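Here's the structure we're looking at; comments come further down.
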Amino acid sequence: MDMGLAGAKVIVTAGASGIGREIAQAFVEEGASVCVCDVDKDALKVLQSDLPELKTWVCDVSDARTAEWFVLKASAAMGGLDALVNNAGIGGPTAKVEDIDPADWSRVLDVCLTGQFNCTRAAVPFLKASENGSITNMSSAAGKLGFAMRSPYAAAKWGVIGFTKSLAIELGPDGVRANAILPGLVAGDRQRRVMEARSQARGISMAQVEAEAFSYTSLKDYVTARQLADQVLFLASPKGRAISGQAISVDGDLQMLG
65 MDMGLAGAKV IVTAGASGIG REIAQAFVEE GASVCVCDVD KDALKVLQSD
115 LPELKTWVCD VSDARTAEWF VLKASAAMGG LDALVNNAGI GGPTAKVEDI
165 DPADWSRVLD VCLTGQFNCT RAAVPFLKAS ENGSITNMSS AAGKLGFAMR
215 SPYAAAKWGV IGFTKSLAIE LGPDGVRANA ILPGLVAGDR QRRVMEARSQ
265 ARGISMAQVE AEAFSYTSLK DYVTARQLAD QVLFLASPKG RAISGQAISV
315 DGDLQMLG
């Protein structure tokens, strides 16, 4: 399907692997110009080799100056900016709240929430100049349900939704829309690591953790990175022009996080 994104200028954070890479690739397939940042230099090299159309930078979005530098360089390289996809995030510790190191708490919020602020702050002037400006922020099912033993991550992802809704109200008069995506159980290495950590913390098998997780969903399957990318593309496309301020679940009707 032609999403009307040919020539669109797009930034994807943490786009070298996983969900971010799938999103970046999907935009490229639609004919968009795409700039990607990541902290993983090796993954960026692989991405650049596989998709030479992309432009890539090493950037930790939790650092305000570095994030601003990246957004300015990327927007200049593309001659503007139409869509910002704030995908960068980390899982953080799996532990009871009394056992969480304050430094770990801060690091999760710095990447998952403040990183989105840093990039958005730098991107807004460019997005206001676009005829199809959009921001898509990655939240999580943990941002609406809570997540025992993952309190820093859940707190950050709830914060993303508040940030997104505030952006939608603030930027709407300028024609810029903002939405959040809330993935559920996403197939891939990150989900596997989360389940392994929960398995170890609770002293049960991976199979038990997985079975319990799917017992809380209506659709008994993982969400794929491509399904998330499809949703992001729709929101960034002219077809999604009337959608803003929404926290959109892509989770197979997940009702609880164990």
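Residue numbers 65 to 322, in our numbering, belong to the letters of the sequence shown in order. Glycine included, every Cβ here is placed at the ideal spot set by N, Cα and C. Here the structure is a predicted model, which means the values were calculated and not measured.
Own chain partners of residue i with C-beta closer than 8 Å, once the 5 adjacent residues on each side are dropped
{"i": "Thr130", "result": "Cys123, Asp124"}
{"i": "Thr281", "result": "Gly248, Leu249, Asp315, Gly316, Asp317, Leu318, Gln319"}
{"i": "Gly144", "result": "Lys73, Phe190, Ala193, Ser194"}
{"i": "Arg305", "result": "Asn196, Arg241"}
Residues sharing a beta bridge with residue i, DSSP
{"i": "Thr200", "result": "Val149, Asn243"}
{"i": "Ile75", "result": "Cys99, Leu148"}
{"i": "Ile312", "result": "Ile245"}
{"i": "Lys208", "result": "According to DSSP, which records beta bridges pairwise, Lys208 is partnered with nothing at all."}
{"i": "Thr120", "result": "Val100"}
{"i": "Val250", "result": "Val287"}
Cut-off 7 Å between Cβ atoms - residues of its own chain near residue i, not counting five sequence neighbours on either side
{"i": "Ala141", "result": "Cys99, Lys119"}
{"i": "Gln180", "result": "Asn150, Asn201, Val224, Phe227"}
{"i": "Lys303", "result": "Met67, Gly68"}
C-alpha gap between residue i and residue j, whole angstroms
{"i": "Val258", "j": "Gly309", "result": "29 Å"}
{"i": "Ala152", "j": "Gly223", "result": "14 Å"}
{"i": "Leu115", "j": "Ile312", "result": "29 Å"}
{"i": "Arg85", "j": "Lys208", "result": "25 Å"}
{"i": "Asn201", "j": "Ala244", "result": "5 Å"}
{"i": "Ala107", "j": "Thr77", "result": "13 Å"}
{"i": "Ala277", "j": "Ala205", "result": "12 Å"}
{"i": "Gln255", "j": "Leu235", "result": "33 Å"}
{"i": "Gly156", "j": "Ser139", "result": "30 Å"}
{"i": "Val161", "j": "Phe211", "result": "11 Å"}
{"i": "Ser203", "j": "Gln264", "result": "25 Å"}
{"i": "Ala261", "j": "Asp238", "result": "44 Å"}
{"i": "Ile233", "j": "Arg185", "result": "15 Å"}
Nonlocal neighbours in the same chain, by C-beta distance under 6 Å from residue i, ignoring five residues either side
{"i": "Met67", "result": "Glu94, Leu297, Ser301"}
{"i": "Ala96", "result": "Leu69, Ala72, Val74"}
{"i": "Ala289", "result": "Ile83, Glu86"}
{"i": "Ala128", "result": "Asn182"}
8 Å Cβ cutoff met for residue i and residue j
{"i": "Leu249", "j": "Leu318", "result": "yes"}
{"i": "Val240", "j": "Ile307", "result": "no"}
{"i": "Cys101", "j": "Gly82", "result": "no"}
{"i": "Val135", "j": "Glu117", "result": "no"}
{"i": "Ser126", "j": "Thr178", "result": "yes"}
{"i": "Leu148", "j": "Ala90", "result": "no"}
{"i": "Tyr217", "j": "Cys176", "result": "yes"}
{"i": "Ala159", "j": "Met213", "result": "yes"}
{"i": "Val273", "j": "Ala251", "result": "no"}
**Prompt:** Unbroken alpha helix (DSSP H) runs of length 4 or more, entirely within the region 130–186: which are they?
**Reply:** 166–173
**Asked** Of all the alpha helix (DSSP H) runs that stay within the bounds of the region 253–287, which reach a length of 4 or more residues?
**Response** 253–266, 270–278
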